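First residue of the sequence shown: 1, per full-length UniProt numbering; consecutive thereafter. Heads up, the beta-carbon is just placed ideally off N, CA and C, and yes, glycines get one too. What you are looking at is a predicted structure, and each value in this text was computed from that prediction instead of being measured. Worksheet: one structure, shown below.
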Amino acid sequence: MHMKILHLLSTIDPRAGGPTEGVRQSGVSLQSMGHEVEVVTLDDPAAPWLAAFPLTVHALGPSKGNYGLCPQLVPWLREHAPRFDAVIVNGLWQYHSYGTWKALRGSGVPYYVFPHGMLDPWFKRTYPLKHLKKWLYWPWAEYRVLRDAERVLFTAQEERVLARQSFWLYRANEEVVAFGTNPPPTDANRLRAQFLAAYPSLADKRLILFLGRIHEKKGCDLLIKAFAAVRDLDPNAHLVMAGPDGGEWGAQLQGLAGELGIADRITWTGMLSGDLKWGAFHASDAFVLPSHQENFGIAVAEALGCALPVLISDKVNIWREVEADGAGIVGTDTADGAAGMLRRWLSLSPADAATMRAQALATFTKRFTVDAMSRDLVRLLSNGASHRNGAFGKRPRTASL
């Protein structure tokens with residue numbers, strides 16, 4: 001069945017992380033399968049990252065404020081959404097989700113929602129004031145967005161279970177679907193050499209790679225404390241912190257590293273992309289992410305695809321699959337938990353480490369490829385379209401709270 005799919009995102013800025021990358025990769029994959037994919041974003045049409053995006057983009061911004069209020073969204077959707085078989089909302093808590101509900105309720109055009117981990121109760125515990133603010137408009141906005149969606153799509157069973165714990169007023173037609181990313185480039189030797197040419201001091205080091213936003217949620221402070229605790233296990237071990245810093249936290253973390261006496265054992269690269277990013281994966285010994293909350297973690301899947309064992313906390317929602325397969329090491333999201341993961345990895349025998357590397361790649365191939373994600377999404381959307389067009393008719397929308 002040929003599908004016409006419209007994705008909505010608040011931004012396609014690559015610094016925004018997983019949802020943007022997921023839409024980019026799955027959209028290209030779906031197009032290669034013969035489907036049509038377009039994207040609506042609240043970005044300013046002059047935003048520099050639009051030109052490089054490989055899908056048809058409708059930038060309706062600039063939007064206003066942190067919420068991303070965009071008056072053009074609702075009229076645009078009312079006019080154009082009927083030409084699509086399905087509309088997919090990526091992420092919550094910004095105007096693109098509420099605007100989709102406002103434009104499409106009762107229209108007969110189905111929309112689907114990927115929360116991308118934004119209903120995780122970690123946010124409620126960590127930012128109670130922000131959570132209270134969200135509660136003020138939850139019944140009138142996000143609750144209705146989820147309630148009236150054709151499906152609310154979760155990328156792991158863990159995410160689905162956790163989502164029910166943030167707000168007691170919660171109704172959703174839930175479904176767990178596959179999620180994944182593109183297979184990494186295969187010319188590992190060239191990519192490794194390119195990265196080490198850019199960072200020659202790392203050539204003889206045993207690199208532990210963190211790749212992601214430098215953010216409190218990612219457990220970066222835990223990682224630095226943990227690395228300080230295990231520094232003597234292997235004097236050649238070196239931590240690479242690769243990712244954009246959206247605030248002042250990077251400077252604080254570098255200060256912490258100095259206080260702990262490991263400033264010379266950490267390299268801060270900033271955001272890496274393209275060949276340098278893949279080179280960092282291929283030059284490293286293991287990937288580490290002691291995150292407090294991680295819905296899927298595209299970087300985790302990319303590491304697995306590079307045959308890189310992953311050291312992740314049990315708050316990364318694919319930890320069960322990683323642990324069951326033996327594709328990495330799982331710990332708690334504490335400094336002790338992160339230190340335990342590093343200690344176990346640094347103490348593994350060469351034979352056991354080689355087995356884990358092989359399993360990392362096998363796990364990626366089995367579970368986390370973007371083509372598997374695309375096929376599962378098309379299955380879901382096609383079933384929905386067939387159901388609406390068949391004898392059962394369209395699922396009625398609930399009008400009451």
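Under 9 Å between C-beta atoms of residue i and residue j
{"i": "residue 244", "j": "residue 213", "result": "yes"}
{"i": "residue 93", "j": "residue 142", "result": "yes"}
{"i": "residue 84", "j": "residue 109", "result": "yes"}
{"i": "residue 42", "j": "residue 7", "result": "no"}
{"i": "residue 269", "j": "residue 276", "result": "yes"}
{"i": "residue 50", "j": "residue 81", "result": "no"}
{"i": "residue 144", "j": "residue 101", "result": "yes"}
{"i": "residue 300", "j": "residue 329", "result": "no"}
{"i": "residue 370", "j": "residue 182", "result": "yes"}
{"i": "residue 196", "j": "residue 203", "result": "yes"}
{"i": "residue 373", "j": "residue 91", "result": "no"}
{"i": "residue 139", "j": "residue 169", "result": "yes"}
{"i": "residue 98", "j": "residue 149", "result": "no"}
{"i": "residue 167", "j": "residue 122", "result": "no"}
{"i": "residue 192", "j": "residue 279", "result": "yes"}
{"i": "residue 53", "j": "residue 88", "result": "no"}
{"i": "residue 297", "j": "residue 314", "result": "no"}
Length of the line joining the Cα atoms of residue i and residue j
{"i": "residue 342", "j": "residue 55", "result": "40 Å"}
{"i": "residue 303", "j": "residue 309", "result": "7 Å"}
{"i": "residue 4", "j": "residue 190", "result": "38 Å"}
{"i": "residue 40", "j": "residue 354", "result": "44 Å"}
{"i": "residue 237", "j": "residue 164", "result": "41 Å"}
{"i": "residue 23", "j": "residue 63", "result": "20 Å"}
{"i": "residue 69", "j": "residue 326", "result": "45 Å"}
{"i": "residue 116", "j": "residue 151", "result": "14 Å"}
{"i": "residue 262", "j": "residue 25", "result": "37 Å"}
{"i": "residue 226", "j": "residue 265", "result": "13 Å"}
{"i": "residue 127", "j": "residue 2", "result": "43 Å"}
{"i": "residue 357", "j": "residue 209", "result": "15 Å"}
{"i": "residue 391", "j": "residue 106", "result": "Residue placement at residue 391 cannot be trusted, given a pLDDT of 37 that sits under 50; the coordinates are not used to answer."}
{"i": "residue 337", "j": "residue 312", "result": "10 Å"}
{"i": "residue 86", "j": "residue 201", "result": "50 Å"}
{"i": "residue 232", "j": "residue 281", "result": "24 Å"}
Residue(s) in a DSSP beta bridge with residue i
{"i": "residue 4", "result": "36"}
{"i": "residue 151", "result": "112"}
{"i": "residue 313", "result": "331"}
{"i": "residue 241", "result": "210 and 268"}
{"i": "residue 195", "result": "Paired residues: none, contrary to the question."}
{"i": "residue 286", "result": "208"}
{"i": "residue 88", "result": "7 and 112"}
{"i": "residue 175", "result": "153"}
{"i": "residue 69", "result": "64"}
Local Cβ density within 10 Å of residue i, reported as buried at 16 or more and exposed below that
{"i": "residue 159", "result": "buried"}
{"i": "residue 340", "result": "buried"}
{"i": "residue 345", "result": "buried"}
{"i": "residue 259", "result": "exposed"}
{"i": "residue 33", "result": "exposed"}
{"i": "residue 73", "result": "buried"}
{"i": "residue 383", "result": "exposed"}
{"i": "residue 27", "result": "buried"}
The region 341-361 contacting the region 151-169, beta-carbon criterion three pairs below 8 Å: Not touching, per the Cβ criterion.
At least 3 beta-carbon pairs within less than 8 Å: the region 280-298 vs the region 214-223: Below 8 Å, enough C-beta pairs join the region 280-298 and the region 214-223 to call them touching: three or more.
Stretch pair the region 245-256 + the region 164-179: three plus CB contacts closer than 8 Å: With contact defined as three or more Cβ pairs closer than 8 Å, the region 245-256 and the region 164-179 are not in contact.
Touch test, the region 15-32 against the region 352-364, Cβ-Cβ under 8 Å, three pairs minimum: No: the two stretches stay apart, fewer than three of their Cβ pairs being nearer than 8 Å.
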